[in-house]
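Enquirer:
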Amino acid sequence: MSRSMIDLDRRDFLKASAAGTLAAAVGGRTLLERGEAQEDAADDGPPYTGDELVKTVCTHCSVGCGLHLAVEDDNVVGQETWDDNPINNGGLCSKGASLGHTINAEGRLKEPMKLVDGEWVRMDWDEILSEIAGRLDDIREETGPHATYWCGSAKHSNEAAYLMRKLPSIFGTNNIDHQARICHSTTVTGIANTWGVGAMTNNNNDMRHVDVNLIIGHNPIESHPVAWQHFQVAQQRGGQHIVAEPRYTETAAAADENYQFRSGTDVAFIYGLIYHIVENLGAHDEEFIEGRVDGFDEFREDVLPEYDLENVSDITGTSVDDLQSLAETLADADVSCVEWAMGGTQHNNGTGNTRAYAMLNLVLGHAAQSAGGTPIYRGHDNVQGATDLGVDAATLPGYYGLDKGAWSHWANVWSQTDGTSGEIEYEDLLEDRFQGRKELMEKNGITVARWFEAVLDDEWELYQPDPVRAAIWWGHGMASLSEYKKVRQAIEELEFIVNIDIHPNQISELVDLDGDTDVYMLPAATNFEEGGSVTNTGRQIQWRHQAVTPRHNSKKDWVIMQELAEELGFGEHFDYDEVEDITREINLGTRTIGYTGQTPERIKAHMQNGNLFGVEHCEADLDSEEVNGVLDGDYYGMPWPSWHDEHPGTPVLYDASKPPAEGGMDFRARWGTEGPEGQNMLRDPYEPDWYGGGEIEGVPQYPAFHTALPDDNPAGKTIPTEYAERDDVSVYDTAQALADAGHDIDPEEYAEYDNSQPDSPWGRGRARMKAWNLTDEYPAHREPAVTPRPDLVENGYACNERVEDHWRLELDNAKVQQDNLSAVDDLDDPFVLTSGRQVEHTGAGGETRMNESLAYRSPMMYIQIHPEKAAERGLESGDWAVVETPHAEMMMQANVTERVPQDHLFAPFHWSGVLEGEVLTDDLPEEWTPFVIGETVNSGTAPAYDRETQMQETKVTLASVTPAESDEIPELSNQQQSWQEDFLNRDRRS
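For the sequence shown, the numbering used here gives the first residue as 29, with consecutive numbering after it.
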């Protein structure tokens, strides 16, 4: 079709896109008074930056950098630094410095559109939502709500993410998921099953205090560059950053030490360190382990002997000397932490990896304290918040799960909230919304990792009554998914697909214009065109103030959800007056993890008064009890849990050196008081310095702390949250008070816990080295599904066996592995191929490759190859090569560098527009075409998935590299080719 067939009305574009950094201002919105001299300052002063500055938070990575947008006449005309934001101190990376380009991008979706007979046709909002809702209702009546699939976004605000789970829940399906499935689901499951909840134990600023930091599977200088300022402070103070990574990354170059190991061997690598620490050095912390950890003795006797240094060296490729050196550095540290990102999570054994990292920290006794624990770095700006708020196929908001108790709690919240007029009972949800199908109501839904299998319903068995007929994608890039060719097939099989986004994204590239799938495109506002809260990787919650009204004919995400719910017939559950009403409903209901005290008023007060918080610990040390809504002792962003509206937040999880009222706590007692073998799962008694009342004992979680609701104030104290902090009552007293108030609690079940003491509502439990509810009770090394070492598969390190009904699909990693054992021989001189991030791009690149500034800075999808291997193949940087895996033949340009070892390759995962050499953008309207395109590496990654979470294995496969023939090279735009030449010249000069 012609590129000119879209004829949309365009608003005048803004006076300027993202500008350089200038002076900071305070407040959500600050009007600027400018005199004549300021108006005419272009020649001898800073550029003019509008009439007001609006505080907001960057929309790219999870650091949570604050900035000011400069606004004039409802237009963003520039941006300035927010210097007293304690998280980033005004710093921004290239992505954050170019946010104006996103708001003003020509390639944004501007109007609701439908694909009709190969043409994109504009529709009115009322018309298109009515049509979509009618078709969803038809599927619901003809087949059932389970025949729909919903995908949310790690880019949504907390409020939109919360509604993104509420909407399909009331529609009647658990087939709802988002990006966290394929980035950190293994972290959430692995860490939650080790010490209570699956989140970063500290925050960015705490990295200033580290003694030794082991960075494994993370390249923060590229993925989270602004956070590195805190890492640098630690180095200046004598701290060490040690990188363990297959590549010699940018971070490795800035680190104090660097160790390399084969991708996919993390468990063995970590166990080798533990072996040396325990068996050779005797440097494990026996007191810490005895008092606060379960399962160490069995692990030492039954598991650890297999991972002696020689065996681990053989598996990982790391020398015995290097393993010893690293272990000794960790053992000598006063405190150490283990930091990771997706390099550690995206494996068929990803849950085992993350548990092993935490186990190393426990063995050393370095957990549960500042500068210790596990500083886990999430990817997208609100992937932590979206995960917390239940955009997940296995749980309702707050990790409540899917059992009757979870549904009953949320039905209660949805009825008691002041934000909406609707009421609903558990029975209504079951009988009406889920059509009486209790097994589907309490069953894990379909994940984003393998949603396409539920559409195709051919290769793997499907464990729901019918295949998926329609899909709603709300802010998710398809190119982030493995088995990308199947993704394309599934789109072509759907009856219809809805894409709600800022940009057309990969759906516009993958859809067959002449096919049978109806496609709807709905324009969403950017995060700067709506207000709402966002949770960074350190669990800190900030507020994005709305800077301007939505551009073009886009709408705010939560408003679209309101209108769609109304069309679907349950609008009374979504009739909020303002976005803050949704925040208060979150405060009311999300009590498991303490999203309670972060009221919209408190979050905004922290944003307004960032100057009151110190950079060292993000704490407000005030001369009075309260200043401008900030309480003395508050931690910036009230990192969850914040149990009520007077609680300061929890900067370091499980830190028992503080009183609970000041953010202290123990490991969560989420596994009860006894393990399956009768072992004690509560911590040993101790006498902290902060407590003058004698011993603090191990206690279970406080009864009903997660389900008891306050009478009026959504963020107010309840009986369990109030009693937990008090030193004159006990867990037993709490149970009695709850029973007296009419709760279904038997106080005698808590009679032995009658020691009056202050606690966190989570109780005082033990961390677990043995997770008896998981397939691998202790992590075990398991070879990648496509491995260069088939001998290790035969020697006991195979993938997990077949699983029925794994998120409604059959999973058989062992079969996939056996089918690919010959790959090492079939491919020509194969390498291990891994993938990762580029500093200029985010996610699937749907936003950043539509940003001219970022596209120019990083215009090339490439394959990194070692110079000696490139020379053997006659390749130089910029040359086209065929990168062949067992699953795809991809076309990439060589990037010749010593950053990769000779047996590894590396490719960034932010690219789309080319699939096995085929250009997919030729038929796109011109304004929908990204500035730069490239091969999608996830078309060639392995079709294997984590046994516990269905995380995709995108960090390891095998690949060969050969020069491409001229007729195989995809045709790129002249502009992209010119930018690539500039890029290569810059690289040559460096």
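A virtual CB, placed ideally from N, CA and C, is assigned to each residue, including glycine.
(1) Around the C-beta of D166, are 16 or more other C-beta atoms found within 10 angstroms, so that it is buried, or is it exposed?
(2) Measuring straight from C-alpha to C-alpha, what distance separates E591 and L157?
(3) Does the Cβ of N1013 have 16 or more other Cβ atoms within 10 Å, making it buried, or fewer, making it exposed?
(4) Within the chosen definition, does the stretch 409 to 428 reach the stretch 436 to 456 through at least 3 CB pairs nearer than 8 angstroms?
(5) List the whole-angstrom C-beta distance separating M979 from R209, where the pair is believed to meet the contact cut-off of C-beta under 8 angstroms.
(6) Would you kindly check if the distance between the Cβ of I404 and the Cβ of M228 is under 8 angstroms?
(7) Taking the alpha carbon of V340 as the reference point, which residue from E926, Y825, M920 has its own alpha carbon closest?
(8) Which of helix, strand or coil does DSSP assign to K583?
(9) When burial is assigned at 16 or more other CB atoms within 10 Å of the CB, is N848 buried or exposed?
(10) Under the assumption that E725 contacts N783 (Cβ atoms under 8 angstroms), give the Cβ distance between them as a whole number of angstroms.
(11) On the CB-based measure, 16 or more other CB atoms within 10 Å of its CB, does Q492 come out buried or exposed?
(12) Does the separation of the CB atoms of G566 and N117 fall below 8 angstroms?
(13) I'd like the list of long-range same chain contacts for G906, defined as Cβ closer than 6 angstroms, with 5 residues on each side in sequence excluded.
(14) Beta strand (DSSP E) containing Y177: first to last residue?
(15) When you compare each of E80, G78, C93 to R572 by their alpha carbons, which one comes out closest?
(16) What do you reckon, are the CB atoms on W668 and T749 nearer than 8 angstroms?
(17) Is it buried or exposed, D585, if we count other Cβ atoms within 10 angstroms and call 16 or more buried?
(18) Rounded to a whole number of angstroms, what is the C-alpha to C-alpha distance between L468 and R461?
(19) Pairing CB atoms from the stretch 813 to 820 with CB atoms from the stretch 469 to 481, are three or more of them under 8 angstroms?
(20) Looking at the unbroken beta strand (DSSP E) that takes in D833, where does it start and where does it end?
(21) Determine the contact status of N376 and D974, defining contact as a CB-CB distance below 8 angstroms.
(22) Do you know offhand how far H932's Cα is from E780's?
(23) If contact is defined by three or more beta carbon pairs under 8 angstroms, each pair taking one atom from either stretch, is the stretch 388 to 398 in contact with the stretch 312 to 321?
(24) So for G793, helix, strand or coil by DSSP?
(25) Taking the continuous alpha helix (DSSP H) assigned at A281, which residues delimit it?
(26) So who's on the other strand from G560, going by DSSP bridges?
(27) Who are the Cβ neighbours of T870 in its own chain at under 6 angstroms, not counting the five residues just before and after it?
(28) Quick check on DSSP: helix, strand or coil for Q1059?
(29) How is W488 classed by DSSP in three states: helix, strand or coil?
(30) For M549 and S850, I'd like the C-alpha separation in whole angstroms.
(31) State the Cα-Cα distance for the pair G372 and D717, rounded to the nearest angstrom.
(32) Is the stretch 410 to 419 touching the stretch 186 to 199, taking contact as three or more C-beta pairs under 8 angstroms?
(33) For the pair the stretch 591 to 606 and the stretch 446 to 459, tell me if three or more CB-CB distances fall below 8 angstroms.
(34) Of the residues N581, I343, Q1005, which one's Cα is nearest the Cα of A808?
(35) F293: buried (16+ other C-beta within 10 angstroms of its C-beta) or exposed?
(36) Compare the C-alpha of S197 against each of H634, A593, P858 and name the closest.
Expert: The structure says:
(1) Reading the sequence shown from its first residue, position 138 is the one you call residue 166. Exposed.
(2) Numbered from its first residue, the sequence shown carries residue 591 at position 563. Numbered from its first residue, the sequence shown carries residue 157 at position 129. Rounded to the nearest angstrom, the two C-alpha atoms are 8 angstroms apart.
(3) The count along the sequence shown starts at 1 and reaches residue 1013 at position 985. Exposed, by the Cβ-count rule.
(4) yes
(5) As a position in the sequence shown, residue 979 is number 951, starting the count at 1. As a position in the sequence shown, residue 209 is number 181, starting the count at 1. At roughly 7 angstroms, the Cβ-Cβ gap stays under 8 angstroms, so M979 and R209 are in contact.
(6) Translated into positions along the sequence shown, residue 228 becomes position 200. Translated into positions along the sequence shown, residue 404 becomes position 376. Their beta carbons are under 8 angstroms apart, which means M228 touches I404 by this criterion.
(7) Position 312 of the sequence shown, counted from the start, is the residue given in the question as residue 340. The shortest Cα separation from V340 among E926, Y825, M920 belongs to Y825.
(8) Counted from its first residue, the sequence shown places residue 583 at position 555. In the structure shown, K583 sits in a strand (DSSP, three-state: E or B).
(9) Against the sequence shown, residue 848 aligns to sequence position 820. That one is buried.
(10) In the sequence shown, the residue the question calls residue 725 occupies position 697. In the sequence shown, the residue the question calls residue 783 occupies position 755. With 8 angstroms as the limit, E725 and N783 qualify as a contact, their Cβ atoms being about 5 angstroms apart.
(11) Sequence index remark: in the sequence shown, residue 492 carries index 464 (1-based). It is buried - the Cβ of Q492 has at least 16 other Cβ atoms within 10 Å.
(12) Looking up residue 566 in the sequence shown gives position 538. Looking up residue 117 in the sequence shown gives position 89. No, the pair does not count as a contact, with Cβ atoms beyond the cut-off.
(13) Counted from its first residue, the sequence shown places residue 906 at position 878. Once the five neighbours on either side are set aside, the close Cβ partners of G906 are Q921, L1012.
(14) Here residue 177 refers to the residue found at position 149 of the sequence shown. Residues 176 to 179.
(15) In the sequence shown, counting from the first residue as 1, residue 572 sits at position 544. R572 has its Cα closest to that of C93, out of E80, G78, C93.
(16) Counting from one through the sequence shown, the residue named residue 668 turns up at place 640. Counting from one through the sequence shown, the residue named residue 749 turns up at place 721. Going by C-beta atoms, W668 is not nearer than 8 angstroms to T749.
(17) Translated into positions along the sequence shown, residue 585 becomes position 557. Classification for D585: buried.
(18) Taking the first residue of the sequence shown as 1, we reach residue 468 at position 440. Taking the first residue of the sequence shown as 1, we reach residue 461 at position 433. Answer to the nearest angstrom: the Cα atoms are 11 angstroms apart.
(19) no
(20) As a working note, residue 833 is residue 805 in the sequence shown. Here the beta strand (DSSP E) through D833 covers 831 to 834.
(21) Position 348 of the sequence shown, counting from 1, holds the residue named residue 376. Position 946 of the sequence shown, counting from 1, holds the residue named residue 974. Yes, Cβ-Cβ distance for N376 and D974 is below 8 angstroms.
(22) Translated into the one-based positions of the sequence shown, residue 932 becomes position 904. Translated into the one-based positions of the sequence shown, residue 780 becomes position 752. When rounded, the distance between both Cα atoms is 58 angstroms.
(23) yes
(24) Within the sequence shown, residue 793 is the residue found at index 765, counting from 1. Of the three classes helix, strand and coil, the one that applies to G793 here is strand, per DSSP.
(25) As a working note, residue 281 is residue 253 in the sequence shown. From DSSP, the alpha helix (DSSP H) with A281 extends over 278 to 282.
(26) Counting from one through the sequence shown, the residue named residue 560 turns up at place 532. G560 is bridged to R572.
(27) Residue 870 sits at position 842 when you count from the first residue of the sequence shown. Answer for T870: H88, T876, listed in chain order.
(28) Residue 1059 lies beyond the stretch modelled for the chain, which goes from 29 to 1018, so this question has no answer here.
(29) Translated into the one-based positions of the sequence shown, residue 488 becomes position 460. Three-state result, W488: coil.
(30) Position 521 of the sequence shown holds residue 549. Position 822 of the sequence shown holds residue 850. Cα to Cα, the separation comes out at about 43 angstroms.
(31) If you number the sequence shown from 1, residue 372 lands on position 344. If you number the sequence shown from 1, residue 717 lands on position 689. The alpha-carbon atoms of G372 and D717 are separated by roughly 37 angstroms.
(32) yes
(33) yes
(34) Residue numbering aside, residue 808 sits at position 780 when the sequence shown is read from its first letter. Of N581, I343, Q1005, the residue nearest in Cα terms is I343.
(35) Here residue 293 refers to the residue found at position 265 when the sequence shown is read from its first residue. Note that residue 293 corresponds to Thr in the displayed sequence, not to Phe. The residue is buried, with at least 16 neighbouring Cβ atoms inside 10 Å.
(36) Counting from one through the sequence shown, the residue named residue 197 turns up at place 169. Checked all of H634, A593, P858; the closest Cα to S197 is A593.
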